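Per this note's numbering, the sequence shown runs over residues 8 to 308.
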Amino acid sequence: MENPTGTAGRDCKPTEIDDQAVDVAAVLRALRRQADLSQRELSARAGVPKSTVARIESGDVADPRLRTVERLVRAAGGRLLVGRPGDGPGDRPPEVLAVPGVPHDGMRDEAGRRYPAHLDVWEVHDPKDWPGAWWAEWYKLPPERFPRPVPAATYELSRRYRDQRRWADRIRREVAVRRVTGEGLPSTCWRFVAELPDGRVLGELRAHERSPRLLYGDLIDAGEREIVLDGVLVTGACRRLGIGRRLVEALTVEMDRTGLRVAHAVADFGGVDLLLACGYRLEASRPYALRLDRSPPRWAC
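#1: Closer than 7 Å by C-beta to F153: which residues in its own chain qualify, once you throw out the five before and the five after it? Chain order, please.
#2: Going by DSSP, what residues sit across from V109 in a beta bridge?
#3: Measuring straight from C-alpha to C-alpha, what distance separates L267 and T195?
#4: Return the first residue and the last residue of the alpha helix (DSSP H) that A61 is part of.
#5: If you draw a straight line from the C-alpha of A118 to the C-alpha of A159, how long is it?
#6: Here's a check: name, in chain order, each residue in its chain whose Cβ is nearer than 7 Å to the Cβ of R78, leaving out the five neighbours to either side.
#7: Using three-state DSSP, classify E290 as helix, strand or coil.
#8: Rounded to the nearest angstrom, what separates T161 and D136 at their Cα positions?
#9: My output table needs one value for G278: the three-state DSSP class, helix, strand or coil.
#10: Look up L236 in the DSSP assignment and give the residues it is bridged to.
#11: Name the residue from L38, G84, L88, G85 whose alpha carbon lies nearest to the alpha carbon of E64.
#12: Can you look up V68 in the DSSP assignment and give me helix, strand or coil?
#13: Throw me the rounded Cβ distance for the M262 and A272 pair, which I believe falls under 8 Å.
#14: Name the two residues that bound the continuous alpha helix (DSSP H) containing T259.
#15: Could you tell me the distance, in whole angstroms, from the CA atom of R115 to the CA atom of S58?
#16: Classify T22 as helix, strand or coil using the three-state DSSP reduction.
#17: Nearest-angstrom Cα distance between G191 and R207?
#18: Taking the Cβ atom as the reference point for each residue, do G251 and V235 lie within a distance shorter than 7 Å?
#19: Using the DSSP secondary-structure output, state which residues sit across from V128 in a beta bridge.
#20: Identify the continuous beta strand (DSSP E) that holds V31 and give its terminal residues.
#21: Grouping DSSP H, G and I as helix and E and B as strand, with all else coil, what is W197?
#22: Taking the beta carbon of R288 as the centre, do at least 16 other beta carbons fall within 10 Å, making it buried, or is it exposed?
#23: Hey, could you find the ends of the beta strand (DSSP E) R185 is sitting in?
#24: Hey, L209 and V182: beta-carbon distance below 7 Å or not?
#25: So, using beta-carbon positions, are F199 and R217 closer together than 7 Å?
#26: Taking the alpha-carbon positions, what's the D25 to A105 distance?
#27: Between V260 and L281, which are expected to be in contact by the criterion C-beta below 8 Å, what is the C-beta distance as a whole number of angstroms?
Have a look at this one:
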């Protein structure tokens, strides 16, 4: 069996298919996951009863009819190859792509059933991992007062939420952080960008060096330097994906490499939590927020 697209599930282990036997149930579940179809949706597309789809995927049908399997495979966006391609003169075997397996195929719910193949299933370690436990977050209930037991694993039925989650996972995998040098930047300017393979920039960090001797006079060695963090920006759609933290950590690594030991920053709101998570500590100071605005009055002609 072949999937001509091979786009989804790149981080999944491929389902092994040898020349002797094919686990039809496993391959069908994997194809259905790639197509993002429930059993009911696949049944409607293929014109096969849902009960038949469920029995084949569960392994209750040891030898399903070839025609039925073909209809299901085609409805899920794959192709069924029968015979020995390449035996004839001038024939070339078609390219067959590995079918990415279902990551949670070995997991079972409390009743011993498989979780839906087309959904994303994750383990529940505490109530915040379970969307159904909103009550625990609101009321900060202790475990003994939970109105429902917390399951071992869960999933989200909303396709919009599922697509957003998969998109976020792809961004986390593909984004890379690098330091920008040259391009007219002075040697004391530090700039880092977080970008995708196609060059799209999702985040940026800027900092500059300063001499602490300007602050403390001759008490400080003239050769000492320190960093002032000017700002960290991440595009709105990609916030809360860890990109800002990766930018700050890249700055820290570069500081260690060049021998700089101290960095200063002024932050507000979420920026404070970000820097605290990266090892920064609050200082006993109360800076004022100042602004210079030289734009003309709105009522001026």
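Where is the CB? At the ideal position from N, CA and C, for every residue including glycine.
Model, not experiment: these values are computed from the prediction.
With the structure as the only source:
#1: So the qualifying residues of the chain are A143.
#2: V109 is not bridged to any residue.
#3: Rounded to whole angstroms, L267 to T195 spans 12 Å at the Cα level.
#4: Where A61 is concerned, the enclosing alpha helix (DSSP H) stretches over 57-65.
#5: Rounded to the nearest angstrom, the two C-alpha atoms are 12 Å apart.
#6: Shown here for R78: same chain residues with a beta carbon closer than 7 Å to its own, the five before and five after excluded, namely A53, G54, V55 in chain order.
#7: Coil at E290, not helix or strand.
#8: One C-alpha to the other measures close to 8 Å.
#9: It is helical.
#10: As a beta-bridge residue in DSSP terms, L236 pairs with A214, A272.
#11: Among L38, G84, L88, G85, the Cα nearest to that of E64 is on L38.
#12: V68 falls in the coil class under three-state DSSP.
#13: The pair is not a contact, with the Cβ atoms about 13 Å apart (cut-off 8 Å).
#14: DSSP places T259 in the uninterrupted alpha helix (DSSP H) bounded by 250-265.
#15: So the alpha carbons of these two residues sit roughly 20 Å apart.
#16: Note that T22 scores a pLDDT of 42, beneath 50, so its modelled location is shaky; the value from the coordinates is reported in the next line. The answer is strand: DSSP assigns T22 an E or B state.
#17: For the pair G191 and R207, the Cα-to-Cα distance works out to about 21 Å.
#18: Cβ atoms of G251 and V235: not closer than 7 Å.
#19: For V128, which the question treats as bridged, DSSP gives the partners Y162.
#20: Per DSSP, V31 is not a residue of any beta strand (DSSP E); the alpha helix (DSSP H) it occupies stretches across 31-42.
#21: Here W197 sits in strand by DSSP.
#22: Burial call: exposed.
#23: Annotation: the continuous beta strand (DSSP E) that includes R185 extends over 183-187.
#24: L209 is a Cβ neighbour of V182, given a cutoff of 7 Å.
#25: Taking a C-beta distance under 7 Å as the contact criterion, F199 and R217 do not qualify as a contact pair.
#26: Unreliable positioning characterises D25 in this predicted model, as indicated by a pLDDT of 44, which lies under 50. A coordinate reading is not provided.
#27: Not a contact, Cβ separation roughly 16 Å.
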